[in-house]
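Each residue of the sequence shown is one higher than the one before, counting from 2 in the working numbering.
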Amino acid sequence: MADLARLRENLASVRGRIRAASRASGRSEDAVRHVAVTKTVDADAVRALYDLRERDFGESRAQEGVPKAEALGLPAVRWHFIGHLQRRKVKRVLPLFGAVHSLDSLLLAEEMDRTARQLERTVDVFIEVKTSEETGKTGLDPKLLPELVEAVSKMEGLCLQGLMTMAPFFEEPVKTRPYFARLRGLKDEVSRRTGVALPELSMGMTNDFEAAIAEGATVVRIGTALFQGVLG
Ligand SMILES: *Cc1c(COP(=O)(O)O)cnc(C)c1O
């Protein structure tokens, strides 16, 4: 059973820290939204967050996220797919997920576009960019970004929101700032070159979201900080 008092406290703390970091970066208190990352968390805890007025939830694996979103069936919720998405999972994922933060290839974009048009809707997408060598295999090589931005911007089924990245883990979160600064720089450079607006930057997790906000994040993806001490 989830500890509801603790969940409420954690959520208030996360919201407060996001507001404070937004103000410190010279932006308004509501400039940065958060996605509550519910991977590995059971349905009861997600429902408890919903009762606390959370509406944006993130899952990183189709196998776990699709059945969970389906079973919960919460009204007015937006599910965000944040992990690596295999092309063969697109048809399962898109009917339930309104946003995908991990678009990293033209072939995946084409499959998502086709599926979205079949569903007669659009999917909000973020292109995931590799800003470091350390963070594994996922994410697009920045050199290929202008080309993918141009292609996605022409796809009717996809609504390009902006860019996403993950920084390597550091004990001292301030050390993540160069990676987030890199993504912001890429966004400015690529939107200038292509003429495509990229308003959103999805960057920052529990360990580094304040650093990401300082570098211009508009969406942070938070799991651990919400559920610490909550799950029994
Ligand atoms: C798990 C995950 C998060 C949330 O990480 P926490 O450290 O638990 O806040 C954010 N983004 C992605 C892509 C993830 O896989």
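All C-beta atoms in this analysis are idealised placements derived from N, C-alpha and C, irrespective of residue type, glycine included.
Note that this is a predicted model, so its numbers are computed, not measured.
Using DSSP bridges, identify the partner residues of residue i.
i: G59; result: V38 and H81
i: L202; result: L164
i: A3; result: L232
i: L141; result: V130
i: D125; result: A100 and C160
i: R93; result: Its beta-bridge partners do not exist; DSSP assigns none.
i: I223; result: A37
Can residue i be considered in contact with ligand 1, in the sense that its beta carbon sits closer than 8 angstroms to one or more heavy atoms?
i: V94; result: no
i: R79; result: no
i: I128; result: no
In whole angstroms, what separates the C-alpha of residue i from that of residue j?
i: A213; j: V221; result: 8 angstroms
i: G137; j: T166; result: 12 angstroms
i: F210; j: E60; result: 18 angstroms
i: H35; j: M204; result: 10 angstroms
i: L184; j: A21; result: 22 angstroms
i: L97; j: V38; result: 16 angstroms
i: T177; j: R89; result: 33 angstroms
i: S23; j: G217; result: 9 angstroms
i: V91; j: A117; result: 9 angstroms
i: V207; j: G158; result: Reading off the sequence shown, one finds Thr at residue 207, where the question assumed Val. Taking the straight line joining both Cα atoms gives about 32 angstroms.
i: P200; j: R194; result: 15 angstroms
i: G17; j: R79; result: 22 angstroms
i: D114; j: H102; result: 15 angstroms
i: V126; j: Q87; result: 15 angstroms
i: P147; j: L164; result: 12 angstroms
i: A152; j: L107; result: 8 angstroms
i: S29; j: L120; result: 36 angstroms
i: A110; j: L104; result: 7 angstroms
i: D43; j: G196; result: 43 angstroms
Next on the checklist: Any residue with its Cβ nearer than 5 angstroms to a heavy atom of ligand 1 should be included. What is that list in chain order?
Outcome noted: V38, S61, I83, M206, T207, R222, I223, G224 and T225
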